[in-house]
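The next block holds one structure in the form of C-alpha cells; read it before the comments.
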DNA sequence: CTCTGTCATACCCGGCAGGTATCACCCGGG
DNA sequence: CCCGGGTGATACCTGCCGGGTATGACAGAG
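Residue numbers (my numbering), protein chains in the order written: chain A, 1 to 305; chain B, 306 to 610.
Right, dumping it as C-alpha cells:
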C-alpha cells in the first residue's frame with residue numbers, strides 16, 4: 001500500500017454529510033465535462049475558462065464524497081458513479097428547464113388563477129396528418145378550448161420536448177417512440193407498408209414480409225436517426241420524409257412505414273402491405289405529473305375521436 | 306389608471322431573455338414560500354433571515370418575467386404561474402435530489418464501472434408479504450444478484466421515494482398508488498374483501514357489494530391518508546394496519562382490503578368477499594429512465610414468478 | 001530532450017448571497 | 001382616532017465564493 005490511505009482529505013469529518021444539495025450550475029458543468037470528456041472543450045462550451053471548471057468539478061466530487069471522473073493522463077473517463085450522474089443529472093436538468101419554461105408560459109398569458117390556456121403539441125413533422133387534423137378541429141369546437149400551438153420536430157425529439165418543457169403534449173408512435181415516463185392514451189393502430197420504387201419487381205406483389213423487405217438486393221433499407229445517432233448499416237442515412245421520398249423514387253432505398261404514409265407518397269412510389277410487421281400505434285402523451293385543465297380537455301377530445 | 310402602467314421594470318429590454326436557468330437554491334426558496342404562504346416562516350424553515358428570502362423571490366420573478374405570488378396585505382397567495390412552478394419545481398427538486406442520492410450510492414459501493422450493486426425496494430409496510438418473500442428468495446438465487454435493501458414506508462410514500470432517489474424500485478398497488486411517471490410490470494391481481502368485526506350481522510353473508518359496505522349504520526369506513534391528507538368523512542383516520550385492525554376489532558369501523566390481507570387478520574375479524582370491487586393489482590415499478598442492470602434482473606425475476 | 005496537450009494549482013478580484021436595522025403598510029383594539 | 005403588532009419591502013454592509021489569469025506538473029509523441 002502507498003502512503004495515500006483511502007481519502008486523504010483529512011478534514012473530512014463531515015464528508016457524506018446530510019443531503020448535499022447539488023446546484024444546477026454544478027449539474028450543467030458536470031454534464032458538459034461528462035459529454036465532452038475534456039475539460040478544455042467543456043469549458044469552452046460553457047463559455048468559461050478551464051481552471052474554474054476543474055475546481056467546480058472537484059468541489060462537486062468532494063461534496064458528494066464520490067469519484068465521478070477518472071483523470072487518466074491523456075483524457076478523462078467516467079466512473080460508474082459518473083455514469084449514474086450523467087443520466088440522472090440530465091433528467092434533473094430537463095425537469096428544471098421544464099419548470100422554468102412552463103412557469104414562464106403560464107405567466108405570459110397571465111390570467112389570475114386559470115392556469116395557462118395555451119398548449120404546445122409536439123409531433124413528428126408530417127406524421128399523423130389526418131388524425132391531427134381531426135383532433136384540432138374537434139378540440140377547437142370545444143367550449144373552453146385552449147389555443148394549440150403545433151410544434152413539428154424531428155424524428156425522436158418529442159420525448160425530449162415533453163421532458164424539458166418545450167412542449168406540453170405530443171403525438172407519439174410506438175415502437176418508434178418510447179412512452180417511458182409519460183402518461184398516454186392510445187389513439188389508433190395501423191399496419192405497415194413497404195414503400196418501393198414504382199418500377200421495382202417486388203412492387204407487383206400483393207403482400208410482403210419484413211424479411212423480404214430487409215434483404216432486397218440493391219435496395220438497402222433506409223436508416224433513421226434514433227436519439228441522435230444512426231445504427232450502422234449499408235442503407236442511406238435520412239433525416240426527413242422528403243429525403244426519404246426522393247431516395248425511394250430514385251431507386252436507392254426502401255422503407256417500412258405506417259399505412260397512413262400513403263397520403264404523401266409520390267407517383268413514382270409503390271406501396272405493398274406487410275404481413276408480419278408489428279402495428280404502429282399512435283398515442284397522445286404528456287408529462288405524468290401535469291395538472292393542466294386544458295390538457296385534460298384535449299386528451300378527452302382525442303380519445304373520443 | 307395609475308402611474309404604474311403594466312410592467313414598471315423599465316430596464317426590461319432583455320426580459321424573457323433566452324433560458325433563465327433557475328438555480329436549485331431559488332427553487333428551494335420558492336417552494337418554501339409557496340408552501341408556507343408566509344415569508345417569515347419560510348425563512349425560518351430555510352434557516353435564514355426573511356429579507357434575503359424576499360429579495361431572492363423578487364429576483365426570481367424578475368428573471369422569469371413572471372409574477373409568482375400576489376402579496377396582498379395580510380398574507381401571500383399563489384398566482385397561476387406560481388401554482389405551475391410549485392408543481393413543476395417540486396418535480397425538478399425531486400429529480401436533483403434523486404440524482405445526488407443515486408450518484409452517492411453508486412459511488413459508495415464503488416466498483417469501477419459496474420453501476421451499483423445494491424437496490425432499495427420500497428413497499429407499503431406489511432403489504433404483499435407473500436409475494437415479496439417469493440420475489441426476494443427467487444432473486445437471491447440469481448447468479449449475479451444485487452443486494453436488496455427493503456425500505457418499508459407509509460401508505461402512499463413509495464411514489465415519492467422513487468421520485469427523489471431514496472428508492473430504486475417499489476411494489477405498488479393500483480388503484481391505491483399511481484404509476485404515473487414510472488415504468489412498471491404487473492405482478493398479480495387479486496379481489497377484495499370487506500373486513501368486519503367478527504360479531505357483526507353482515508359477517509355472516511357469503512358476499513357483499515361496495516355499496517353495502519359503504520353504508521353500514523354505525524360502521525363508517527376507515528379513511529386512509531392520500532398524499533398526506535385525509536378525505537373528509539365520518540370514519541376514523543388511520544395510519545397503519547395495526548390501528549386499522551384494532552379499530553375493526555373494536556367494532557368501530559370497516560375496511561375494504563385485498564384478499565391477501567387475510568394473512569394478518571385477527572380472530573376478532575371477519576372477512577367477506579366483495580362482488581363488485583375493482584381488483585387490486587400489484588406492480589413492480591421503477592423510474593422510467595433507469596438503466597441499472599441489477600434492477601433489470603430483479604424485474605425479470607419478478608415477472609417470472 | 002523538447003514540445004505539446006492536458007488537467008491541477010496559486011492567486012486575485014468583483015459580485016452577490018446573506019445578515020442587521022429599519023421602513024411602509026394594514027389591521028385590530030382600546 | 002391613535003397605537004401596537006405583524007407583515008413584507010428596502011437600505012446598507014460584509015464575507016464568501018465563483019470566475020479570471022498565470023503558471024505548474026506530467027505524460028506522450030517525435
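Quick reminder that beta carbons are idealized off the backbone N, C-alpha and C, glycines included.
Point to revise | Nearest to residue 279 of chain B (by Cα), restricted to the options B:425, B:356 and B:337 | key: Nothing can be reported for residue 279 of chain B, as the shown portion of chain B is limited to 306 through 610.
Review point. When DSSP builds the beta bridges, which residues end up paired with residue 153 of chain A?
Key: Locating residue 153 of chain A in the first chain gives position 153, where the first residue counts as 1. Residue 153 of chain A has A:124 as its beta-bridge partners, per DSSP.
Practice item. Classify residue 292 of chain A as helix, strand or coil using the three-state DSSP reduction. Key: Counted from its first residue, the first chain places residue 292 of chain A at position 292. Shown here, residue 292 of chain A sits in coil according to DSSP, grouped into three states, outside any helix or strand.
Practice item. Verify whether the separation of the beta carbon atoms of residue 46 of chain A and residue 53 of chain A is less than 8 Å. Key: Mapped onto the first chain, residue 46 of chain A falls at position 46. Mapped onto the first chain, residue 53 of chain A falls at position 53. Taking C-beta atoms as the reference points, residue 46 of chain A and residue 53 of chain A count as a pair closer than 8 Å.
Check your understanding: Do residue 397 of chain B and residue 92 of chain A have their CB atoms nearer than 8 Å?
Key -> Taking the second chain and counting its residues from 1, the one referred to as residue 397 of chain B is at position 92. Taking the first chain and counting its residues from 1, the one referred to as residue 92 of chain A is at position 92. A distance below 8 Å separates the beta carbons of residue 397 of chain B and residue 92 of chain A.
Check your understanding: Hey, residue 208 of chain A and residue 274 of chain A: beta-carbon distance below 8 Å or not?
Key -> Stepping through the first chain from its first residue, residue 208 of chain A is reached at position 208. Stepping through the first chain from its first residue, residue 274 of chain A is reached at position 274. Taking 8 Å as the Cβ cut-off, residue 208 of chain A and residue 274 of chain A qualify as a contacting pair.
Review point. With C-beta atoms as the reference, is residue 39 of chain A less than 8 Å away from residue 89 of chain A?
Key: Stepping through the first chain from its first residue, residue 39 of chain A is reached at position 39. Stepping through the first chain from its first residue, residue 89 of chain A is reached at position 89. Not closer than 8 Å, so no.
Check your understanding: Among the residues of its own chain, which have a CB less than 6 Å from the CB of residue 417 of chain B, if the five just before and after it don't count?
Key -> One-based indexing of the second chain puts residue 417 of chain B at position 112. Any reading at residue 417 of chain B needs caution, since the residue's pLDDT is 47, under 50, leaving its predicted position unreliable; the model's value is listed next. No residues qualify anywhere along the chain.
Practice item. Just confirm the distance between the C-beta atoms of residue 297 of chain B and residue 564 of chain B, as a whole number of angstroms; I'd bet it's less than 8 Å. Key: What the structure shows of chain B is the stretch from 306 to 610, and residue 297 of chain B is not part of that stretch, so it cannot be assessed.
Review point. Name the residues in the region 175-209 of chain A whose C-beta lies less than 7 Å from a C-beta of chain B; which are they?
Key: Taking 7 Å as the Cβ-Cβ cut-off against chain B, the residues of the region 175-209 of chain A that qualify are 180, 181 and 183.
Check your understanding: Is the Cβ of residue 340 of chain B closer than 8 Å to any Cβ of chain A?
Key -> Position 35 of the second chain holds residue 340 of chain B. Not closer than 8 Å to any Cβ of chain A, the Cβ of residue 340 of chain B fails to qualify, so no.
Review point. Which whole runs of the alpha helix (DSSP H) in the region 42-119 of chain A are 4 residues long or more, in chain order?
Key: If we require 4 residues or more, the alpha helix (DSSP H) runs fully inside the region 42-119 of chain A come out as 50-64 and 80-108.
Exercise for review: Mind checking who residue 183 of chain A pairs with in its DSSP beta bridge?
Suggested key: Here residue 183 of chain A is taken as the residue at index 183 of the first chain, counted from 1. In the DSSP output, where bridge partners are listed per residue, residue 183 of chain A has A:286.
Exercise for review: Could you work out which residue in A:235, A:268 and A:118 is closest to residue 221 of chain A when comparing CA atoms only?
Suggested key: Counted from its first residue, the first chain places residue 221 of chain A at position 221. Closest option to residue 221 of chain A, Cα to Cα, is A:235.
Review point. Any Cβ of chain B within less than 8 Å of the Cβ of residue 303 of chain A?
Key: Position 303 of the first chain holds residue 303 of chain A. Cβ-Cβ to chain B under 8 Å: no for residue 303 of chain A.
Exercise for review: Have a look at B:391, B:390, B:347 and B:423 and flag the residue whose alpha-carbon is nearest the alpha-carbon of residue 406 of chain B.
Suggested key: Here residue 406 of chain B refers to the residue found at position 101 when the second chain is read from its first residue. With distances taken between Cα atoms, residue 406 of chain B lies closest to B:423.
Practice item. Rounded to whole angstroms, what's the CA-CA distance from residue 498 of chain B to residue 567 of chain B? Just pull it up for me. Key: Numbered from 1 along the second chain, position 193 holds the residue referred to as residue 498 of chain B. Numbered from 1 along the second chain, position 262 holds the residue referred to as residue 567 of chain B. The alpha-carbon atoms of residue 498 of chain B and residue 567 of chain B are separated by roughly 9 Å.
Review point. Along the chain, where does the beta strand (DSSP E) that runs through residue 576 of chain B open and close?
Key: Numbered from its first residue, the second chain carries residue 576 of chain B at position 271. Residue 576 of chain B -> beta strand (DSSP E) spans 574-578.
Point to revise | Any 3 or more C-beta pairs closer than 8 Å across the region 116-136 of chain A and the region 154-170 of chain A | key: Judged by pairs of C-beta atoms under 8 Å, the region 116-136 of chain A touches the region 154-170 of chain A, as three or more such pairs exist.
Check your understanding: For the region 264-290 of chain A, which residues have a beta carbon sitting closer than 7 Å to at least one beta carbon of chain B?
Key -> Answer set for the region 264-290 of chain A: 288 and 289.
Practice item. Under the assumption that residue 594 of chain B contacts residue 180 of chain A (Cβ atoms under 8 Å), give the Cβ distance between them as a whole number of angstroms. Key: Residue numbering aside, residue 594 of chain B sits at position 289 when the second chain is read from its first letter. Residue numbering aside, residue 180 of chain A sits at position 180 when the first chain is read from its first letter. About 7 Å separates the beta carbon of residue 594 of chain B from that of residue 180 of chain A, a gap short enough to meet the 8 Å contact definition.
**Study point:** Inter-residue Cα distance where the pair is residue 433 of chain B and residue 452 of chain B
**Key:** Indexing the second chain from 1 puts residue 433 of chain B at position 128. Indexing the second chain from 1 puts residue 452 of chain B at position 147. The straight-line gap from Cα to Cα measures roughly 20 Å.
Practice item. Please compile the residues from chain A whose C-beta is within a distance smaller than 7 Å of the C-beta of residue 461 of chain B. Key: Translated into the one-based positions of the second chain, residue 461 of chain B becomes position 156. The premise fails here: residue 461 of chain B is roughly 15 Å from chain A at the closest Cβ pair, so nothing lies under 7 Å.
Review point. Where residue 610 of chain B and residue 143 of chain A are concerned, what is the direct C-alpha to C-alpha distance, given to the nearest angstrom?
Key: Position 305 of the second chain, counted from the first residue, corresponds to residue 610 of chain B. Position 143 of the first chain, counted from the first residue, corresponds to residue 143 of chain A. Cα-Cα distance, rounded: 50 Å.
Review point. What first and last residue would you give for the alpha helix (DSSP H) that runs through residue 248 of chain A?
Key: Taking the first residue of the first chain as position 1, residue 248 of chain A is located at position 248. For residue 248 of chain A, the enclosing alpha helix (DSSP H) starts and ends at 241-249.
**Study point:** residue 174 of chain A: first and last residue of the uninterrupted alpha helix (DSSP H) it sits in
**Key:** Locating residue 174 of chain A in the first chain gives position 174, counting from the first residue. Premise fails: residue 174 of chain A lies in the beta strand (DSSP E), 169-174, not in any alpha helix (DSSP H).
Exercise for review: Determine the direct distance from the alpha carbon of residue 392 of chain B to that of residue 66 of chain A, and round the result to whole angstroms.
Suggested key: In the first chain, counting from the first residue as 1, residue 66 of chain A sits at position 66. In the second chain, counting from the first residue as 1, residue 392 of chain B sits at position 87. About 31 Å.
**Study point:** Rounded separation between residue 346 of chain B and residue 456 of chain B - CA only
**Key:** Numbered from 1 along the second chain, position 41 holds the residue referred to as residue 346 of chain B. Numbered from 1 along the second chain, position 151 holds the residue referred to as residue 456 of chain B. In this structure, the alpha-carbon of residue 346 of chain B lies about 32 Å from that of residue 456 of chain B.
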